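For the sequence shown, full-length UniProt numbering assigns the number 1 to the initial residue and increments by one for each residue that follows. Even for Gly, the Cβ is constructed at its ideal location relative to N, Cα and C. From a predicted model like this one, the values you see are computed outputs, not experimental measurements. Working notes, beginning with the structure itself.
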Amino acid sequence: MVLEDYQRRPKSDFELLLTASVACGVQFGWALQLSLLTPYVQDLGVPHVFVSLVWLCGPLSGLIVQPLVGHVSDRTTSKLGRRRPFIIGGTIAIALSVFLVSFSADIGGWLGDQVNAHRKSKAIGAFITGFWLLDVGNNVTQGPCRALLADLADKDERRTRVGNGFFSLFMAVGNVLGYATGTYGKWYKLFPFTRTKYCNIDCANLKSAFLIHIVILACTTYLSVSRSHEIPLERQQERLLGGEEEASHQVAGINQTSFSKEFANTLKLMNNPIWIIFLVTALSWFGWFPFILYDTDWMGREVFKGNPNTEDGSGIYAAGVRAGSFGLMLNSIVLGFFSWNMDAICTKLGSGLVWGISSIIMAASFGSMVLISFWAENIEYTNGHPSTGIFVASLIVFAVLGAPLAVTFSVPYALVSIRSEEIGIGQGLSLGLLNLAIVIPQMAIAVLSGPLDVVFGGGNWGSLSIGAVAAFISGIVSIISIHIYGR
């Protein structure tokens, strides 16, 4: 039976703004992941060809966690409300995982890894465990937060766009702070205890950055859950929906039969416009994931021509990674600007057209990265660093990609929320299903990146080429669908 919205008092846009603030804390950590963890895991001894498999944990956890959490949160009767318990629980999981990830070198040393070993197997195990938990926590937090914004929007299309725009804006703020933190190389001086015999300066700096992340995450989570006035779903309504026995099982979070049934029924209820949204989302994430996976690594390897596994090349590679973090900070500034103005842009041009144009910009940007790779490969560096032209071109590409990223972080979620309200699907589950269109392409790219890495001689341009083609197709599909379904 379709879950009806419970009664709420009128909400203000300011409450949507405060509720979305948790995205800043989550995205701060995500920015640190993107800028620092790919180089760090290679420093622990994971070969470049296998790095994408380490990142596979994110899509895998999202494949299972977000739809399940969405279903459970739609029916939760906690006194805190339907969504806030999951936001709080996800935040706790993120904080615990950050300790595992950032202290993985020390944990490996305590368990027997040699200080100078090329491959620190126990540290890698601790890192991967923490990384899995980190991605689970991210999924548990972000899905219910977006669903809460949709609940508070109360079926108002404008407020739905505004809420998702605020969420995207705070993601941009978190990105700027996270990438700025990743760019700075002396945080370890504020936390001198982070440097140990198992953890060098770069490792200690990463550890210190993640400790800062925990503080920011705790503050934004408190602001979000304390300012969102969510009314608990009445137990009586839960009985009407599924019966007392089902309700008691749901409180325990173990009603797998109900989840499977609702999952299947939801798929049947979905109309063609929603499937088009899923298709365009999937194609666009075939484009995004290679960039997200290798952005700073691309800057370190292919723009700066560094190598993290050699003594001479590691310093150059680290300089490239820091430059990549700076580029991602520029990306986030552009992301924030367009997120703030997303409602006005979509009102003027239409969400579908905005999405289509942004995908074509993505394709051109990824294609430019491939061209820059060839450009850098055929130029001899005189001082060990790229020419001004190559460096500036790389930063421009990073910055330009902030505009389509703002669209990716807001428009699909707003469209699914609006369409699901029209056909009576629960917000938590529908947004969880949208996440499947995000994680399945990520899984495919994670599996294919290793073989592509070998085929294309160890560079990232093979994956980026696939991303450019997928992004272009997503743009064409989005624009064509406007003429068929509108919006």
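Taking the CA atoms as reference points, Ser-224 sits about 21 angstroms from Arg-75. For Gly-62, the CB contacts under 6 angstroms within the same chain, skipping 5 residues up- and downstream, are Asn-139, Asn-435, Val-439 in chain order. Within 10 angstroms of the beta-carbon of Val-22 lie 16 or more other beta-carbons, which makes it buried.
Under the Cβ criterion (8 angstroms, minimum of three pairs), the stretch 465-479 does not count as touching the stretch 319-339.
By the neighbour-count criterion, in which a residue is buried when 16 or more other Cβ atoms sit within 10 angstroms of its Cβ, Gly-70 is buried. Out of Gly-137, Ile-94, Glu-157, the CA that lies nearest to the CA of Ser-410 is found in Glu-157.
Restricting attention to Gly-165, Gly-432, Val-416, Leu-133, the CA atom closest to the CA of Thr-347 is found in Gly-165. The beta carbon of Gln-27 sits closer than 6 angstroms to the beta carbons of Met-171, Gly-174, Asn-175 from its chain, once the five residues preceding and following it are set aside; these are given in chain order. Only residues of its own chain outside the window of five on either side were considered, and among them Val-136, Asn-139, Val-140 have a CB closer than 7 angstroms to the CB of Val-65, listed in chain order. A direct Cα-Cα distance of roughly 25 angstroms separates Pro-67 from Ala-471. Distance check between Ser-358 and each of Ile-379, Ser-373, Ile-316, Pro-412 places Pro-412 closest, using alpha-carbon atoms only. The C-alpha of Cys-145 lies about 42 angstroms from the C-alpha of Thr-388. When DSSP states are grouped into helix, strand and coil, Ile-276 belongs to the helix group. A direct Cα-Cα distance of roughly 19 angstroms separates Ile-274 from Ala-153.
With respect to the 8 angstroms criterion, Leu-395 and Leu-330 are classified as neighbours on the basis of their beta carbons. When the Cα atoms are used, Val-469 and Pro-404 turn out to be separated by approximately 15 angstroms. Look at His-213 here: in three-state DSSP terms it is helix. Taking 8 angstroms as the cut-off, the Cβ atoms of Thr-296 and Pro-39 count as close. Here the stretch 88-108 makes contact with the stretch 124-132; the two share three or more CB pairs at distances below 8 angstroms. The shortest C-alpha to C-alpha distance from Ala-20 to any of Leu-60, Gly-112, Val-162, Pro-59 is the one to Val-162.
Across the set Ile-212, Val-115, Val-400, Cys-219, the C-alpha of Val-400 shows the shortest separation from the C-alpha of Leu-335. Per DSSP, reduced to three states, the secondary structure at Phe-398 is helical. Around the beta-carbon of Val-115, fewer than 16 other beta-carbon atoms lie within 10 Å, marking it exposed.
The beta carbon of Thr-194 lies closer than 6 angstroms to those of Tyr-188, Ala-204, Lys-207, Ser-208 in the same chain, with the five residues before and after it left out. The beta carbon of Cys-199 sits closer than 7 angstroms to those of Ala-105, Asp-106, Lys-207, all from its chain and outside the five residues before and after it, given in chain order. In the structure shown, the three-state DSSP call for Gly-89 is helix. Contact check for Asn-309 against Gln-42 passes: the beta carbons are separated by less than 8 angstroms. For Gly-109 and Ala-147, the gap between their C-alpha atoms comes out near 42 angstroms. Taking Lys-79 as reference, the option from Asp-113, Glu-230, Gly-58 with the minimal CA-CA separation is Glu-230. Between the alpha carbons of Lys-186 and Ile-484 lies a distance of about 54 angstroms.
For secondary structure counted as the alpha helix (DSSP H) over 4 or more consecutive residues, the stretch 29-75 holds these complete runs in sequence order: 38-43, 51-54, 57-75.
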